[in-house]
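Report on one structure; see the data block that follows.
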Amino acid sequence: MLVRRTTLVWQRGGRAAADLAKAAYSAFRATLDAEGRLVSFVIPAASGLPNASLRYSDFGAAVDVLRPHGAVAAPDARYPQLGMGG
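Per my numbering, the sequence shown starts with residue 8, numbered consecutively.
Right under this line is the structure:
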């Protein structure tokens, strides 16, 4: 993740070594279950932003996903940036 984070900072205009170092060492906490699956991910509050946390459970359970009313699909070019498609 070090290379990815510093590359993103560089692309967004961060030029100082401090900008790159801060991105490289951003703290987060991830928890895996006994089977090695990611079950929680927390990024602590920083730069005026609140904590961001995700929890995953019920692996293998069927789910129904509905598009929110008024939602607009992302352009096809966005998916590779998110690591999907290609």
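Don't be surprised by glycine CBs; every beta carbon is placed ideally from N, CA and C.
- Assignment of beta-bridge partners to LEU39 by DSSP yields LEU45.
- Linking PHE66 to ALA41 through their CA atoms gives a straight-line distance of about 13 Å.
- Residue nearest to SER64 within the set ARG44, GLN88, ALA37 is ARG44 (criterion: CA-CA distance).
- About 5 Å separates the CB atoms of PHE48 and LEU61; that is less than 8 Å, so the two are in contact.
- Rounded to the nearest whole angstrom, the CA to CA distance from VAL72 to ALA80 is 14 Å.
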